[in-house]
Amino acid sequence: MPKMLMTGNAAVGEAAIRAGCQSYYGYPITPQNELTEYMAANLGRRPGCAFVQAESEIAAINMVYGASVAGVRTMTSSSSPGISLKQEGISYLAACQLPAVIVNMSRGGPGLGSISAAQSDYFQSTRGGGHGDYRTIVLGPGSVQELADLTHHAFELTDKYLIPVIILGDGMLGQMMEPVEFSHEAPEVPPVRQDALRGAKGRPSRFVRTFTSNPPDLEEVNWSLFRRYQLLQKNEVMWENYMTEDARLIVTAFGIAARIAKGAIKQARANGLKIGMFRPITLWPFPGEQLKALSKKTKFFLDFEMNMGQMIEDVKLSLEGAGDVSFHGRPGGVIPTPSEVLRVITRIYYQKGLS
Amino acid sequence: MGMDKYNVFAAALVEKAEYFAPGHRACQGCAEALAVRLVMKALGRDTIVAMSTGCMEIVSSPLPTTSWNVPWIHVAFENSSAVISGCAVGMKALMRKGRVEKRDINFVAMGGDGATADIGMGQLSGMMERGHKAIYVCYDNEAYMNTGIQRSSSTPWGASTTTSPAGSESIGQNTNKKNMPQIAVAHDIPYVATACSSYPFDLMEKVKKATTINGASYIHVLSVCPTGWRIPFDESIKYGRLAVNSGVFPLYEVVNGKYRMTHKPEKFLPITAYMKGQGRFRHLKDTDIERIQQKVLDDYNKILKRCEE
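Structural data, given as structure tokens:
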């Protein structure tokens, strides 16, 4: 099919529809309104599909909860302050082992913050976010095409592992336009999950609940979650190595920050500096082993994020002391330029004596 | 020509001081900004405002500037009524302990229709139920205008918005407008009123009355939005008057359960006078408009009947 010029938000909507998403529950917040509007115009008219604008983010995530328990492929989206409101629902989805896709076109914080792109929700997304001992799968796309591809992947992952998936985009990815190609057609008949509560005819009845009064039973629930988290760590990590072969300094960055860093690295290479980049695509599970493997080639890393240093904790944990990690970050929705990052890269390159 | 040649008669005087200062970034012809300005004039200097996220918050407080000449706090979408409750109780305690000089302060929460009728309704209900001496002002422009015209539960039936787009299979908004003033009345609070910035003296009278009430008050202000309603920028006052005179938005107040119509249209206009020219209703067919006309009359007569009781 031909390439289409779309905003990131619209691309997520189209990819979701093509992944068989049957219901979407939205609530206005900038910078993700285009996604809600896309679903209002395009999902609602499909047979057997529903678009609902909820009265709050909490209502929206709980509509997702209801749709998911009924076995419907379902999605919601918001931006940082709205995602905070959704955390109760996400914790319940995780506890009940219900699949759902949650899109966060994140913006600067804390509080209402700004409506400009930021990566300050890394901790919230990768550490569970709500209460309780749980994780969600977190995908960190770096382009509109990748937003579309990972949206499709998110629906597959969440159904396979019965763990909610967070797509951690940002205001810039959501609102910028790029050519995008969709590799899937919307299924004629949406997939039906076998575990859905649609009547117990021909199978033992099932409970979906989060309250467990007997601690050992709850421990068992946590173990079962944990076992799946281990499987995810083993089988589903995604990452990108960019010019790391001969790199003396490796930049670690995700999402839109990686996109900015790439521009800086190209320029640095043209200047004769041996720089590479490691980009995690699954932010949780974090591709720790793959990063550690790079420390055999160089000991010098520069973590670059659009926050005051969140992923750097995973970088350091993964390297287990085997690397010297510098940091450059811009919080609050300030979007750094490639030339700014180039200056930082160059400074550190010479300071560490890598020339 | 000296003034001694004339007798000056002023029917009503408006406070000169501006507590909502000019220079904010509202759209041209924003009747909501006008409403806020008038409400603040009526409230006066001794006022503390808690405001929900929305158009008025965004346009009036881009750091480091502010339009607010009174203590003002912005809070997330759903929380203004809870914040002002805490503020009212906290100040009461400070005054009782003598830490703050005793005086009469207006505690005012403000929000748009999304903040009021959708996400913040639970907390507003709490504020009214507890009966704080506080005023809640809802500026109703009938959609989430700040984020780009998404429907709210205050959007009227048939209006086209970005999340209730009109088309061959969609009428636009397919539910009726939530009746927030009646929900407030059901809380048995001492004062509930509807108002519109096209009737400035009526609006200010109601706000002044609310400041004298010992308990919670709720004021619902219809705020014409040229951007979202798709009307010319210089006609927002006109459309406010049309809304009132066609019965779409009756101006009334409920004092301790007693209804009073504060403005009776001299000539009751058909709904078409109000809807014509509004882009958000452009797609409606005659049968749809008939349906709306019937509903408007039914609702208006309900209020009228209560006023006559």
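Protein chains in written order, with our numbering: chain S, 7 to 361; chain B, 4 to 312.
Built from N, CA and C at the ideal position, the CB exists for glycine as well.
The structure displayed is predicted, hence computed values, not measured ones.
Through-space distance from S:Gly-335 to B:Gly-243, alpha-carbon basis
Cα-Cα distance, rounded: 49 Å.
S:Gln-59 by DSSP, collapsed to three states: which one?
Three-state result, S:Gln-59: strand.
Considering S:Glu-184, what are the terminal residues of the beta strand (DSSP E) in which it resides?
Under the DSSP assignment, S:Glu-184 falls in the beta strand (DSSP E) whose first and last residues are 183-186.
For B:Asn-149, three-class secondary structure by DSSP
Under the three-state reduction of DSSP output, B:Asn-149 falls in the coil class, being neither helix nor strand.
Would you say B:Arg-285 faces chain S, with C-beta separation under 8 Å as the test?
At a cut-off of 8 Å between beta-carbon atoms, B:Arg-285 makes no contact with chain S.
Checking the sheet assignment: what are the DSSP bridge partners for S:Pro-286?
S:Trp-245, per the DSSP bridge assignment.
What's the gap between the Cα of S:Ala-259 and the Cα of S:Thr-164?
Each residue's Cα considered, the two are about 25 Å apart.
Taking only beta carbons into account, state which residues of the region 23-50 of chain S come closer than 9 Å to chain B, listed in chain order.
For the region 23-50 of chain S, residues whose beta-carbon sits nearer than 9 Å to a beta-carbon of chain B comprise Gly-32, Tyr-33, Pro-34, Ile-35, Thr-36, Asn-39, Glu-40, Thr-42, Glu-43, Met-45, Ala-46, Ala-47, Gly-50.
Beta-carbon proximity list for S:Ile-330, same chain, < 6 Å, skipping 5 on both sides:
Strictly speaking, residue 330 of chain S in this sequence is Asp, with Ile absent from that position. Only Lys-305, Phe-306 meet the Cβ criterion.
With burial defined as no fewer than 16 other Cβ atoms inside 10 Å of the residue's Cβ, what is the status of B:Val-17: buried or exposed?
B:Val-17 is exposed by the Cβ-count criterion.
Curious, which full-length beta strand (DSSP E) runs of at least 3 residues does the region 246-312 of chain S contain?
Every beta strand (DSSP E) of 3 residues or more that sits fully in the region 246-312 of chain S is shown, in chain order, as 255-258, 281-286, 288-290, 306-311.
7 Å Cβ cut-off: residues of chain B touching S:Glu-61:
Listed along the chain, the chain B residues whose CB falls inside 7 Å of the CB of S:Glu-61 are Asp-121, Ile-122, Ser-156.
Is DSSP giving S:Ser-126 helix, strand or coil here?
S:Ser-126 falls in the coil class under three-state DSSP.
Looking only at C-alpha atoms, which of S:Val-350, S:Met-312, S:Ala-328 sits nearest to S:Arg-113?
That would be S:Met-312, whose Cα lies nearest to the Cα of S:Arg-113.
Residue from B:Ala-36, B:Arg-99, B:Thr-150 with nearest C-alpha to S:Pro-34:
The shortest C-alpha to C-alpha distance from S:Pro-34 to any of B:Ala-36, B:Arg-99, B:Thr-150 is the one to B:Thr-150.
8 Å contact criterion, which S:Gly-339 and S:Gly-119 should meet: CB distance rounded:
The pair is a contact, with the Cβ atoms about 7 Å apart (cut-off 8 Å).
Hey, out of B:Asp-237, B:Glu-256, B:Ala-13, whose CA is closest to B:Gln-31's CA?
When each option's Cα is compared against that of B:Gln-31, the closest is B:Asp-237.
S:Leu-323 and S:Gly-294 - do their beta-carbons sit closer together than 8 Å?
Taking a C-beta distance under 8 Å as the contact criterion, S:Gly-294 and S:Leu-323 qualify as a contact pair.
Pull up the DSSP beta-bridge partners for S:Leu-113, would you.
The sequence shown places Arg at residue 113 of chain S, rather than the Leu named in the question. Its beta-bridge partners are S:Ala-123.
To be precise: take each residue of the region 169-195 of chain B, compare its Cβ to all Cβ atoms of chain S, and keep it if any distance is under 7 Å. Which residues remain?
Going along the region 169-195 of chain B in chain order, one finds Glu-172 with a Cβ nearer than 7 Å to chain S.
Taking Cβ to Cβ, would you say S:Gly-278 is nearer than 8 Å to S:Met-249?
The Cβ-Cβ distance between S:Gly-278 and S:Met-249 does not fall below 8 Å.
Going along chain C, which residues have a C-beta under 7 Å from B:Gly-151?
The structure shown contains no chain C; its protein chains are S and B.
Are the C-beta atoms of B:Ala-162 and some chain S residue less than 8 Å apart?
It does not: the Cβ of B:Ala-162 has no partner Cβ on chain S nearer than 8 Å.
Along the alpha helix (DSSP H) that carries S:Met-314, what are the first and last residues, could you check?
Premise fails: S:Met-314 is in no alpha helix (DSSP H) and is neither H nor E.
Coil, strand or helix - B:Arg-133 by DSSP:
Note: B:Arg-133 maps to helix in three-state DSSP.
Name, in chain order, the residues that DSSP records as bridge partners for B:Asp-143.
DSSP lists B:Leu-225 as partners of B:Asp-143.
If the cut is a Cβ gap below 7 Å, which residues of chain S does B:Tyr-262 touch?
Listed by position along chain S, the residues whose Cβ is nearer than 7 Å to that of B:Tyr-262 form an empty set, because the closest Cβ is around 28 Å away.
Go through the region 188-267 of chain B residue by residue and report every complete run of the alpha helix (DSSP H) that reaches 4 residues or more, in order.
Runs of alpha helix (DSSP H) with 4 or more residues, each lying fully within the region 188-267 of chain B, are found at 203-214, 229-232, 239-248, listed in chain order.
Give the single residue among B:Ile-274, B:Asp-7, B:Pro-253 whose Cα lies nearest to the Cα of B:Ser-201.
Check the Cα spacing between B:Ser-201 and each of B:Ile-274, B:Asp-7, B:Pro-253: the tightest is with B:Pro-253.
Suppose contacts are defined by Cβ-Cβ distances below 8 Å. Is B:Val-86 in contact with B:Ala-53 by that definition?
Yes. Within cutoff.
Put S:Val-78 into one of helix, strand or coil per three-state DSSP.
Note: S:Val-78 maps to coil in three-state DSSP.
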